[in-house]
Each structure stands twice: as structure tokens, then as C-alpha cells.
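Numbering (my numbering), first residue to last: 1 to 272.
Working notes for the structure below.
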């Protein structure tokens with residue numbers, strides 16, 4: 001069977017910034033068409049208005065330490081925090097048998113924090129440098145002098161071109177990237193550029209499944225506006241409305257499936 005014109009247009013390798021190698025990496029995650037990629041929504045967002053500060057996180061941990069119930073909680077059950085900060089200093093420490101990398105960070109809240117790398121210290125020393133803007137996610141602790149400390153957290157570097165957008169309050173999406181995606185050099189900034197190129201080109205088609213009269217009555221965004229808002233929201237209210245639309249649609253479909261099953265059971269099975 002010959003390929004249709006729509007099948008050819010849908011191939012991810014033709015999106016600006018993708019190509020055959022990255023298309024193969026996307027395919028390993030089940031992302032084969034333009035529609036697949038636009039429905040690959042961010043797992044979270046970098047929003048400076050929602051992120052907590054070093055001071056706030058430190059206060060929460062001090063309060064938790066004074067609470068006897070919190071004290072007995074296993075570390076694995078403790079809350080994960082996200083911090084947006086700038087690197088003030090990078091220091092590589094040499095001990096008798098190992099090296100340790102220490103990053104001193106600040107976020108304008110008046111306090112400083114620490115990020116420690118006990119493994120692959122030299123490797124991380126080549127990655128991080130002074131004045132970098134980074135997003136840190138992990139389960140912090142307080143050291144002996146009550147300094148907020150992260151040990152081997154997840155870190156994303158906000159590139160210079162994105163740092164300017166971030167400083168203006170732009171909400172940046174964060175996507176789950178598989179190892180194969182990373183091997184194909186698909187970083188978060190590149191992923192954002194690819195999605196922007198795809199959305200701007202409009203070379204995808206997702207059918208509307210909610211009748212327009214209900215969309216109007218409930219003041220919901222269209223499916224295309226929802227997709228754009230989930231990838232690149234211009235404000236927190238717009239993002240929340242897009243999320244609500246998706247949740248509403250999922251719940252509606254679930255209820256419709258249940259109603260169809262009930263109808264089938266009623267029509268096909270005779271009661272006693």
C-alpha cells in the first residue's frame with residue numbers, strides 16, 4: 001500500500017531541527033508522527049513565580065526537624081523541592097581517596113545553598129561554571145550549620161537565550177527525555193525549539209472531540225489552543241485552564257465508555 005501524502009508530511013524527520021537521527025530517537029519512545037509529538041506534553045514547568053526560594057525551603061526543613069513525626073520519616077519519603085538559582089562558585093575538593101565538587105548557589109532570597117557531587121566530581125566540574133542559571137530538583141538536607149544542601153540533585157542549565165525569557169517571567173516547559181533522546185543530542189532547549197517549530201508550522205491535526213456548544217458553554221479553549229498552552233503557556237491561569245480542559249475531556253470520555261457498557265449490558269442481557 002502506497003504512503004499517503006499525510007503520512008509523508010507527518011514524518012518527524014522533516015520538522016526543522018529533527019532530521020533522521022533524532023527522528024529515530026523519537027521513534028524509540030513511540031513518537032512517530034507530528035501528532036504524536038504535539039501530544040508529548042511537558043512533565044512539569046520552570047516558573048519563577050511558583051518556585052520556592054532557599055530561604056523558604058530552609059524554613060520548612062527546620063520546622064520539619066522540630067516535628068517529631070517528620071523526624072522518623074525515611075529520607076526516601078521526604079518531599080522533593082525545585083529551586084531556581086545562580087552558581088556563585090565552583091570548588092573541586094581533594095580528599096585522601098576521592099574528590100568532591102561543591103557548587104555555591106544563591107537566588108536573591110538572602111541565603112546561599114550548596115550542591116555537592118561525590119561521584120564523577122571531575123566530570124561535573126567541566127559542566128558547571130560560575131554565573132550559570134540552573135534549575136535544581138531533589139531532596140535537600142540541612143548541614144551542621146543549617147545550610148541548605150543538595151546531594152547529586154537533578155539539574156537543568158537554563159541557556160543564555162532562555163535566561164532572558166525566564167527573567168521576563170516566561171514559563172519554560174520541561175520534558176521527559178530518554179537516554180536515546182539524549183544520545184541524539186536532544187536537550188531540553190532543543191526539544192523546546194523543535195516543538196515551537198512544529199506548532200508554528202501547524203503541520204499537525206488533532207480532531208476536536210467535544211461539541212462546540214459545550215466548549216462555548218463551559219468556556220473551554222479549543223483543542224489546538226489547549227495544546228499550544230500546555231507546551232508554551234503565556235500565564236499560569238492559561239496553563240491551569242488548559243490542564244482543566246484535558247482533565248475534563250478524559251473524565252467525559254471515561255463516563256461515555258461506562259454509559260456505552262451499561263447500555264450494551266442492558267440491551268444484550270435479559271434480567272431474571
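From the three backbone atoms N, C-alpha and C, an ideal C-beta is built for every residue, glycine too.
With contacts defined as CB atoms closer than 7 Å, residue 203 and residue 34 qualify as a contacting pair.
Annotated three-state conformation of residue 99 is strand, per DSSP. Residue 44 places its beta carbon 7 Å or farther from that of residue 219.
Taking a cut-off of 8 Å on C-beta distances, the stretch 121 to 138 does not touch the stretch 178 to 186, as fewer than three cross pairs fall below it. In summary, residue 98 is exposed, with fewer than 16 beta-carbon neighbours lying within 10 Å of its beta-carbon over all protein chains present. For residue 171, no beta strand (DSSP E) run applies, since DSSP gives it neither H nor E.
A distance below 7 Å separates the beta carbons of residue 136 and residue 153. Bounds of any alpha helix (DSSP H) do not take in residue 81; it lies within the beta strand (DSSP E) bounded by 81 to 94. Distance from the CA atom of residue 214 to the CA atom of residue 149, rounded to whole angstroms, is 50 Å. Look at residue 136 here: in three-state DSSP terms it is strand.
Under the three-state reduction of DSSP, residue 145 is assigned to coil, being neither helix nor strand. Residue 258 counts as exposed, since fewer than 16 other beta carbons sit within 10 angstroms of its beta carbon. 42 is the residue among 114, 42 and 109 whose C-alpha sits nearest the C-alpha of residue 228. When DSSP states are grouped into helix, strand and coil, residue 51 belongs to the coil group.
Look at the stretch 167 to 243 and you find these whole runs of beta strand (DSSP E), each 3 residues long or longer: 172 to 174.
For residue 14, no beta strand (DSSP E) segment is defined, and its DSSP state is neither H nor E. Taken atom to atom, the span from the alpha-carbon of residue 109 to that of residue 157 is near 20 Å.
CA-CA distance, residue 11 to residue 32, rounds to 7 Å. Distance from the CA of residue 167 to the CA of residue 231, rounded to the nearest whole angstrom, comes to 19 Å. Taking residue 223 as the centre and dropping the five residues before and after it, the same chain places the C-beta of 206 and 208 closer than 7 Å to its C-beta, in chain order. In this structure, DSSP gives residue 123 a helical state, which the three-state scheme calls helix. Per the coordinates, the alpha-carbon of residue 46 lies some 11 Å from the alpha-carbon of residue 236. For residue 116, the enclosing beta strand (DSSP E) covers residues 112 to 117. Residue nearest to residue 146 within the set 93, 61, 128 and 261 is 61 (criterion: CA-CA distance). About 16 Å separates the CB atoms of residue 103 and residue 81; that is not less than 8 Å, and the two are not in contact.
Short of 8 Å from the beta carbon of residue 199, and not among the five residues preceding or following it, lie these beta carbons of its own chain, in chain order: 38, 227, 228, 231 and 232.
In this structure, residue 22 lies near residue 186, with their beta-carbon atoms less than 7 Å apart. Between the alpha carbons of residue 262 and residue 268 lies a gap of roughly 10 Å.
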